[in-house]
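These notes concern the structure reproduced below.
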Amino acid sequence: MTDTTDDIAEEISFQSFEDDCKLLGNLLNDVLQREVGSKFMEKLERNRILAQHNRRRQYLVHIIMPLENTNKLSIRSSACNMRLAGIEGTAELLEKQLALEMSKMSLEEALTLARAFSHYLNLMGIAETHHRVRKGRNVAHLSKSCDDIFGKLVQGGISPEELYNTICKQEVEIVLTAHPTQINRRTLQYKHIRIAHLLDYNDRPDLSHEDREMLIEDLVREITSIWQTDELRRHKPTPVDEARAGLNIVEQSLWKAIPHYLRRVSNALKKHTGKPLPLTCTPIKFGSWMGGDRDGNPNVTAKVTKDVSLLSRWMAVDLYIREVDSLRFELSMNRCSDELSRAAHEILEKETSSEDRHESWNQPYGRSQLKLHSQQAPPFPTQLPARADLPSCTECNDSGSHYPKLEFPGTDYKPLNCQDGLGTSDVEISFQNSNQSSDKVANGNTVTSNGSQQVGTLRSSFSSSQLLAQRKLFAESQIGRSSFQKLLEPRLPERPGLAPYRIVLGNVKEKLMKARRRLELLLEDLPCEYDPWDYYETADQLLGPLLMCYDSLQSCGAGVLADGRLADLIRRVATFGMVLMKLDLRQESGRHAEALDAITQYLDMGTYNEWDEEKKLEFLTRELKGKRPLVPPTIEVAPDVQEVLDTFRVAAELGSDSLGAYVISMASNASDVLAVELLQKDARLAVSGELGKPCPGGTLRVVPLFETVKDLRGAGSVIRKLLSIDWYLEHIKKNHNGHQEVMVGYSDSGKDAGRFTAAWELYKAQEDVVAACNEYGIKVTLFHGRGGSIGRGGGPTYLAIQSQPPGSVMGTLRSTEQGEMVQAKFGLPQTAVRQLEIYTTAVLLATVRPPLPPREEKWRNLMEEISKISCQSYRSTVYENPEFLAYFHEATPQAELGFLNIGSRPTRRKSSIGIGHLRAIPWVFAWTQTRFVLPAWLGVGAGLKGVCEKGYTEDLKAMYKEWPFFQCTIDLIEMVLGKADIPIAKHYDEVLVSESRQELGAELRGELLTTGKYVLVVSGHEKLSENNRSLRRLIESRLPYLNPMNLLQVEVLKRLRHDDDNHKLRDALLITINGIAAGMRNTG
């Protein structure tokens, strides 16, 4: 992944960062003294660092083992400092000595040392992340914020009206994927966040000495818990597990971040245009591939997709119930509009029309709910809703902290006891973490006997209400229900006053609870007979009463109340809808062709796969224009084909209300798109016929994904061919509002031709696709399939968007956020708010102030020349050198990465052992571990050198200064070169690679040096990362711990390859992989 400090690394205050690192390092040292014993600690003491403590460079080497002996780590740290000082020879000798001493370690010692170093690096990462938040909070005028960019645009001549309209029309969708690059277990992620929370609390100036001591004790407990926790996943996650992880990001962070982000946008708009953001307008929404991405993953089935979609809906409804609970407590006033008053009276009259009416007047429910004891909430005043005693602004800032107070696995949950009527839990129950987990949703056990999914803090002041609850429970019994109820509640005309907002919101909650119960029945495949009027299914249905409450408060002069928790809930509904994140489906184009081939052969229509493109298009267009289904219900096909058909059936059942786009990977022809359109149409006809009514929602957007260099070059032609087909053009205009979405893939194109060629082909493909759509008057949204690492198209969000071709970002953008980047960017509410603002302002600037195109045609010709030489150099090494594949397997831990259990999908699309079928993630991941990061730079040096030697150096320098795309490309390569380490990569070769192949490694290291040399020539920098000194310093701070982790990994790999069944050795290797990933802040 891209270093998580890249976007705002320059904002970090290093003194406070170093203080936190020192604190955490000392505490870990104390824990290790207690946990591993004095004998092992004596060996660790010999490994401590001999740092040169000068004020100019304190590489944080003092944070480990503040003791005064010399040891192996002193060798390692001295080697780091020698190398940084330019004394390469001595540094190499010291590192060789350290490697020799590591080779003498026992297995147990190596395992413990790997764990210790790994945790040190993770603690440093926590400190870095914390300081991103702290610095962002303390900076008075934050760059790239809405206030900053809106102000600059208005000052630069953009009219307030244009600015306002552009923001209101902006459509950005961030798509979270389950790509297997998140290496930390979710348990450890929680613990890391808790440490970050404690660091934040430690920043408070008003802490007493006693408070500070208690905080230190809490930190020691967390670090001890981390040390005693197994850091390795012992089983592969299922696709549903991955989906739960995505839902957890929503619940723990995005749910809190969205209202704060939208308030920032609204406040900045009001300041610079005079008008706030409309309440139901949200420039950013979220999508997901978790449970929908079946490309090369046989574990993602039609049933998985359906279950994940229903689970997402369940989570949305459950979160809304919690918010409505808090709102009902807050909106206790009587004054309201006539419209709201009438609605409240209608609800009461409807309830009282039932002779078995049983709920208190603060929470009216009807007879129908008596049948659903499992979903009845306690009467209103029985207990305070969770967090209702806190203002809504604290959701991103609990107790002065910008970190969420999380609900953690294993939280003790005691539901309201039907015998005593008392709630005993003071914890808001997390969906997937509590004992009432999503696992139990599938078994129908989620809803407790009183229907409450979370129990708020019980207040002693409510003792009379507790008595009322006991009486109410007795009143619901078979004895004396109606007579006792009359004693408890006065009749409607006798009530002293109504709480109309509570009545309306009580009705909202009742419908939400029925919606939740309905989803549970659907998840269990049980009969579900609910009147559609009794539950909410769409966001508009839920927004109706909420907006009525909002308008009522505004009309009664209580706008300050309307714009609080209620406005936040309305904005959440506008953003998340009833599904939280719409689920995209993705499948490889060949699977659709196989399905149609099976269908045409079954129907004696021919062999689809043998037809040429024109015949396929003719057949597909004819069938799409027809009104009859193509696939007979009795068709018998192979299981793989049946799975494809089942997926389309599920898509028809769920519709566009729950699902987003259907993405076709490896798309290369217009027929690939029409094939999906036909299969989708056929499934919808079949499902509609069975239901006797139209399918829910509309048809899914069909999105071709162009990934390889060949397919990227043909992308514009494919879109032109599609739009030239009358049926398709009319379909786009009628069903998708004249909007075509096209996805471009960064990972496979980079693996196919190298990073530089991939970047240039992606740039040209976007230009061509935009031009094709413009020719037919069709709007286009480009969907960027970016990975986390530079080798897979990653990079700082702002820089990436600002370097897109002019006209390719016209207020719309979709982009994936993958694996560990999801946690890094959105794992904390405050970092999420920051990232959302960056997306908003970057897309705004790219829309109203598009990046400059190449100044002259000569620049494009130079890019073609660099790309050509770069691609030839890359492919001659990776695909044409017969020794490279064996070298790759020997020099990297690629073969061992599969033991990490970090994803549900296989590492290869097919069983071939070649590079071609290896997925891009393990390809990049393996090279990142060895610090060679080859996929990000291979071929670039050859291309730049070739053009410079032809006399175009000054032209390249001008391109770097004036062309954002070229500057971005060079800067990203320069950044990744700053993380590469030639001596470390050389050590892997010397120990692990066969002697006959070591010459290839030497040649590649020479290529790396050449790349660095010419990147500096073009950028004009004296040293790598000169334009980001803070980032360079952060990288250097990790080296004293990162370098020995690499040396230890080499030693463990050497042993493991001679004893591959040794599970302890395997564990040691996996822990070094974790540690190096933490130190590099990179995986794949």
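Counting in this note's numbering, the sequence shown runs from 44 upward without gaps. By construction, the Cβ of each residue, glycine as well, lies at the ideal position given by its N, Cα and C atoms.
Original post:
Does VAL1095 get closer than 8 Å to chain B when you measure Cβ to Cβ?
Top reply: The structure shown contains no chain B, having only a single protein chain.
**OP:** May I have the straight-line CA-CA distance separating GLY850 from LEU895, to the nearest angstrom?
**Re:** 10 Å
Subject >> Candidates GLU580, ILE881 and LYS988, of which the one nearest VAL616 by Cα >> reply: GLU580
Original post:
Three-state secondary structure (DSSP) at HIS782?
Top reply: strand
**OP:** Give the secondary structure of LEU856 by DSSP, where H, G and I count as helix, E and B as strand, and everything else as coil.
**Re:** LEU856: strand per DSSP, three-state reduction.
**OP:** Identify which residue in GLY620, LEU322 and TYR593 has its Cα closest to the Cα of GLN584.
**Re:** GLY620
Subject >> Where VAL680 sits in the DSSP three-state scheme >> reply: coil
Original post:
What first and last residue would you give for the alpha helix (DSSP H) that runs through ALA1120?
Top reply: 1106-1123
**OP:** Compare the beta carbon distance of GLU933 and ARG1040 with 8 Å and say whether it is the shorter of the two.
**Re:** yes
Subject >> Whole-angstrom distance between VAL891 and VAL990, CA atom to CA atom >> reply: 34 Å
Original post:
In whole angstroms, what separates the C-alpha of ALA963 from that of MET333?
Top reply: When rounded, the distance between both Cα atoms is 18 Å.
**OP:** State the beta-bridge partners of LYS328 as determined by DSSP.
**Re:** GLU216
**OP:** Mark GLN213 as exposed unless 16 or more other C-beta atoms lie within 10 angstroms of its C-beta, in which case mark it buried.
**Re:** buried
**OP:** Take every Cβ of the stretch 351-360, pair it with every Cβ of the stretch 238-253, and state whether three or more of those distances are shorter than 8 Å.
**Re:** no
Original post:
Taking buried to mean at least 16 other C-beta atoms within 10 Å of its own C-beta, is ARG365 buried or exposed?
Top reply: buried
Subject >> Residue of ARG665, ARG560, ALA636 and GLY199 minimising C-alpha distance to TYR651 >> reply: Nearest C-alpha to TYR651: ALA636.
Original post:
To the nearest angstrom, how far is it from the Cα of SER369 to the Cα of ASP606?
Top reply: Distance between the alpha carbons of SER369 and ASP606: 15 Å.
Subject >> Nearest neighbour of LYS777, chosen from LEU805, ARG744, PHE749 and LEU748 [CA to CA] >> reply: ARG744
**OP:** Take PRO380 and list the residues in its own chain whose beta-carbon comes closer than 6 Å to its own, dropping the five residues that flank it on each side.
**Re:** Reading off the sequence, residue 380 comes out as Ser, not Pro. So the qualifying residues of the chain are SER595 and SER598.
Original post:
Using 8 Å as the threshold, is the stretch 1050-1057 in touch with the stretch 1082-1097, meaning 3 or more CB pairs across them?
Top reply: Touching, no.
Subject >> the stretch 805-816 contacting the stretch 992-1007, beta-carbon criterion three pairs below 8 Å >> reply: No, because fewer than three Cβ pairs between the stretch 805-816 and the stretch 992-1007 fall closer than 8 Å, the two stretches do not touch.
Subject >> Among LEU766, LYS299, GLN783 and VAL752, nearest to TYR705 - alpha-carbon criterion >> reply: Considering only alpha carbons, the answer is GLN783.
**OP:** Within 10 angstroms of the Cβ of SER910, are there 16 or more other Cβ atoms? Answer buried if so, exposed if not.
**Re:** buried
**OP:** Indicate whether PHE193 and ALA300 have their beta-carbon atoms separated by less than 8 Å.
**Re:** It is not a contact, given that the beta carbons lie outside the stated cut-off.
Original post:
ILE192 by DSSP, collapsed to three states: which one?
Top reply: helix
Original post:
Do LEU353 and ILE613 have their C-beta atoms within less than 8 Å of each other?
Top reply: no
Subject >> Alpha-carbon to alpha-carbon, ILE292 and LEU241 >> reply: 20 Å
**OP:** In the DSSP assignment, find the beta strand (DSSP E) that holds LEU589 and state where it starts and stops.
**Re:** Counting along the chain, LEU589 falls outside any beta strand (DSSP E), though it belongs to the alpha helix (DSSP H) covering 582-598.
**OP:** Kindly list the residues whose CB is nearer than 7 Å to the CB of LEU639, restricted to its own chain and excluding five residues on each side of it in sequence; keep chain order.
**Re:** Excluding positions up to five away in sequence, the list reads TYR651 and ALA718.
**OP:** Label GLY289 either buried or exposed according to how many other C-beta atoms from any shown protein chain fall within 10 Å of its C-beta, with 16 as the threshold for buried.
**Re:** It counts as buried.
Original post:
What residues are listed by DSSP as bridge partners for LEU825?
Top reply: VAL785
**OP:** Give a yes or no on contact between the stretch 1073-1092 and the stretch 72-82, applying the rule of three or more CB pairs nearer than 8 Å.
**Re:** no
Original post:
Rounded to a whole number of angstroms, what is the C-alpha to C-alpha distance between ILE912 and THR800?
Top reply: 9 Å
Original post:
ARG898: which of GLY339, SER59 and TYR1003 sits nearest, CA to CA?
Top reply: TYR1003
Subject >> Residues that DSSP places opposite PRO747 in a beta bridge >> reply: ILE707
Subject >> Cβ distance (whole Å) where ILE238 is taken to contact GLU265 below 8 Å >> reply: 5 Å
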